[in-house]
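Numbering (the UniProt record's numbering), first residue to last: 1 to 327. Glycine is no exception: its CB is placed at the ideal position from the N, C-alpha and C atoms. The structure presented is a predicted model; accordingly, all values stated were derived computationally and were not measured. Beneath this line is the structure, given in structure tokens, with notes to follow.
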């Protein structure tokens, strides 16, 4: 989806910008390519710089409850330092590397309800304007896909996914937010936990997998992180028996949970981060996509909630609304 806008900071007659992302799938830590297409206005303009900004819709906790907002998680200058003549058309190709912790937005073509965008900013003669916004789609790394497929094969179901503003203590998290994937437990564990939350924290050297069990009556006790962490490599993914590995993780998580004296020692959502939400998980607009689990994995098919087209439309609605607020 492309939002082509007049450079509002310069008024009528300014240049226009249209950023087009290459359709090839992109993964966390991978290369995002495309081109910025400029069209000159009714006069010559000096283009000081062209900047791409990665933005995400995140949820944040505060004293009054919860709210949604936009968080930037990457900025790249991809061009500038030239004069755009009146009516001139110019194409500026770009190639930028996504952060390793970039959230995953889809699994096997099924959207997870996470909203990411690439916003283009022009600086022209001292004036700046966010001139274009495009949806960013990110597919899982092989190891992420292997873990999710193993969970699906073990009978876990996908409930929802969102981005939480805050940090997970004791991890190597780099971004100011993290992705939470909420899972319905398999029948084997349904009598022990109501739900499990999964977070991937990827880096060049490997990936941390953070698992957390739900709460059953009571808040997370101070100083207690009711979660387990595992580190896996990006190499040799195809040689691992992932169902066995992942089932071992779940058993450790459940045992960890059982090791506390009271079920009230366990909490959901927040992984002990700043802005802990004791009331558990929320589901906002776009967060209701439900993917059926089974032997084929967590992405067997959308069975309810927001459909893909609505998620796409929401990218424009949400981020455009944020830009109006900023204005």
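query = From 173, 36, 212, pick the residue whose C-alpha is nearest to that of residue 96; which is it?
reply = The count along the chain shown starts at 1 and reaches residue 96 at position 96. Of 173, 36, 212, the residue nearest in Cα terms is 36.
inquiry  = Can you confirm whether the region 167 to 174 touches the region 46 to 57 when touching is taken to mean that 3 or more C-beta pairs between the two stretches lie within less than 8 Å?
reply    = Not touching, per the Cβ criterion.
inquiry  = Determine whether the beta carbon atoms of residue 173 and residue 161 lie at a separation below 8 Å.
reply    = Position 173 of the chain shown holds residue 173. Position 161 of the chain shown holds residue 161. No, the pair does not count as a contact, with Cβ atoms beyond the cut-off.
message = Please report the straight-line C-alpha distance between residue 25 and residue 93, rounded to a whole angstrom.
response = Taking the first residue of the chain shown as position 1, residue 25 is located at position 25. Taking the first residue of the chain shown as position 1, residue 93 is located at position 93. Rounded to the nearest angstrom, the two C-alpha atoms are 17 Å apart.
request  = Spatial neighbours of residue 147 within its chain, please: CB distance less than 7 Å, with the 5 preceding and 5 following residues excluded, ordered by chain position.
outcome  = Taking the chain shown and counting its residues from 1, the one referred to as residue 147 is at position 147. Counting only Cβ-Cβ distances below 7 Å, and skipping sequence neighbours, we find 209, 242, 246.
message = Based on DSSP bridge pairs, tell me the residues matched to residue 182.
response = As a first step, residue 182 is located in the chain shown; it is residue number 182 there, counting from the start. Bridge partners of residue 182: 160, 197.
task = Compare the C-alpha of residue 141 against each of 21, 188, 257, 29 and name the closest.
result = Here residue 141 is taken as the residue at index 141 of the chain shown, counted from 1. Among 21, 188, 257, 29, the Cα nearest to that of residue 141 belongs to 29.
inquiry  = Let me check understanding here. Comparing Cα to Cα, which of 70, 143, 88 lies closest to residue 14?
reply    = To locate residue 14, count along the chain shown from 1; it is residue 14. The residue with the shortest Cα to Cα distance from residue 14 is 88.
task = Please report how far the alpha carbon of residue 244 lies from the alpha carbon of residue 251, in whole angstroms.
result = In the chain shown, residue 244 corresponds to position 244, counting from 1. In the chain shown, residue 251 corresponds to position 251, counting from 1. Going by the C-alpha atoms only, they are around 11 Å apart.
ask   = With distances taken between CB atoms, is the gap from residue 134 to residue 117 smaller than 8 Å?
value = The residue labelled residue 134 in the question sits at position 134 within the chain shown. The residue labelled residue 117 in the question sits at position 117 within the chain shown. Cβ distance < 8 Å, so residue 134 and residue 117 count as in contact.
request  = Helix, strand or coil for residue 223, going by three-state DSSP, please let me know.
outcome  = Sequence index remark: in the chain shown, residue 223 carries index 223 (1-based). Unreliable positioning characterises residue 223 in this predicted model, as indicated by a pLDDT of 33, which lies under 50. The coordinate reading is nonetheless provided below. Here residue 223 sits in coil by DSSP.
ask   = Less than 8 Å separating the beta-carbons of residue 44 and residue 86?
value = Position 44 of the chain shown, counted from the first residue, corresponds to residue 44. Position 86 of the chain shown, counted from the first residue, corresponds to residue 86. In this structure, residue 86 lies closer than 8 Å to residue 44 by Cβ.
message = Within 8 Å, do at least three Cβ pairs link the region 182 to 197 to the region 102 to 112?
response = No: fewer than three Cβ pairs fall under 8 Å.
task = For residue 37, decide whether its Cβ has a neighbour in chain D, counting only Cβ atoms nearer than 8 Å.
result = Protein chain content of the structure displayed is limited to a single chain, and chain D is not contained in it.
message = Report the start-end ranges of each beta strand (DSSP E) in the region 6 to 62 that is 3 residues or longer and not cut off at the edges.
response = With a minimum length of 3 residues, the continuous beta strand (DSSP E) runs that stay inside the region 6 to 62 are 16 to 21, 31 to 39, 45 to 62.
message = Nearest by alpha-carbon distance to residue 51: which of 122, 23, 27 is it?
response = One-based indexing of the chain shown puts residue 51 at position 51. Minimum Cα distance to residue 51 is reached at 122.
ask   = For residue 103, does the three-state DSSP call read helix, strand or coil?
value = As a first step, residue 103 must be located in the chain shown, where it is residue number 103. Under the three-state reduction of DSSP output, residue 103 falls in the coil class, being neither helix nor strand.
request  = Over the uninterrupted alpha helix (DSSP H) stretch that includes residue 144, give me the two end residues.
outcome  = Along the chain shown, read from residue 1 onward, the residue named residue 144 stands at position 144. Element bounds for residue 144: 142 to 153.
request  = Tell me whether residue 89 sits in a helix, a strand or coil according to DSSP, three-state version.
outcome  = Residue 89 sits at position 89 when you count from the first residue of the chain shown. Strand, per DSSP.
ask   = Between 143, 205, 66, 230, which lies nearest to residue 240 when the distance is taken from Cα to Cα?
value = The sequence position of residue 240 within the chain shown is 240, counting from 1. Of the candidates 143, 205, 66, 230, the one whose C-alpha sits nearest the C-alpha of residue 240 is 143.
inquiry  = Among 46, 165, 99, whose alpha-carbon lies nearest the alpha-carbon of residue 69?
reply    = Walking along the chain shown from the start, residue 69 turns up at place 69. Considering only alpha carbons, the answer is 165.
message = Please report the straight-line C-alpha distance between residue 200 and residue 84, rounded to a whole angstrom.
response = Here residue 200 refers to the residue found at position 200 of the chain shown. Here residue 84 refers to the residue found at position 84 of the chain shown. Between the C-alpha atoms of residue 200 and residue 84 there is a straight-line separation of about 43 Å.
Backbone CA spacing between residue 76 and residue 64 [nearest angstrom] = The residue you call residue 76 lines up with position 76 of the chain shown. The residue you call residue 64 lines up with position 64 of the chain shown. Spanning the two alpha carbons is a distance of roughly 35 Å.
query = Is residue 16 closer than 8 Å to residue 39 when the C-beta atoms are compared?
reply = Looking up residue 39 in the chain shown gives position 39. Looking up residue 16 in the chain shown gives position 16. Going by C-beta atoms, residue 39 is nearer than 8 Å to residue 16.
request  = Could you tell me which residues DSSP pairs with residue 98 in its beta bridges?
outcome  = For the purposes of this step, residue 98 is taken as residue 98 along the chain shown, with counting starting at 1. DSSP output for residue 98 lists no bridge partner at all.
task = Return the CA-CA distance between residue 290 and residue 196, expressed in angstroms with no decimal places.
result = Locating residue 290 in the chain shown gives position 290, counting from the first residue. Locating residue 196 in the chain shown gives position 196, counting from the first residue. Bear in mind that a pLDDT of 27 at residue 290, under 50, signals an unreliable position, so the number given afterwards is only what the model happens to contain. CA-CA distance, residue 290 to residue 196, rounds to 15 Å.
query = Along the chain, where does the beta strand (DSSP E) that runs through residue 112 open and close?
reply = Taking the first residue of the chain shown as 1, we reach residue 112 at position 112. Element bounds for residue 112: n/a, residue is neither H nor E.
task = Within the same chain, show all residues whose beta-carbon is closer than 8 Å to that of residue 81, passing over the 5 residues directly before and after it, in chain order.
result = Reading the chain shown from its first residue, position 81 is the one you call residue 81. Counting only Cβ-Cβ distances below 8 Å, and skipping sequence neighbours, we find 47, 48, 49.
query = So who's on the other strand from residue 213, going by DSSP bridges?
reply = As a first step, residue 213 is located in the chain shown; it is residue number 213 there, counting from the start. The partner list for residue 213 (beta bridge, DSSP) reads 196.
ask   = In angstroms, rounded to a whole number, what distance separates the CA positions of residue 198 and residue 132?
value = Here residue 198 corresponds to residue number 198 of the chain shown, with the count starting at 1. Here residue 132 corresponds to residue number 132 of the chain shown, with the count starting at 1. In this structure, the CA atom of residue 198 is about 33 Å from the CA atom of residue 132.
Residue range of the unbroken beta strand (DSSP E) whose run includes residue 67 = By 1-based counting over the chain shown, the position of residue 67 is 67. For residue 67, the enclosing beta strand (DSSP E) has its first and last residue at 65 to 79.
query = Are the CB atoms of residue 254 and residue 192 nearer to each other than 8 Å?
reply = For the purposes of this step, residue 254 is identified with residue 254 of the chain shown, where counting begins at 1. For the purposes of this step, residue 192 is identified with residue 192 of the chain shown, where counting begins at 1. Taking 8 Å as the Cβ cut-off, residue 254 and residue 192 qualify as a contacting pair.
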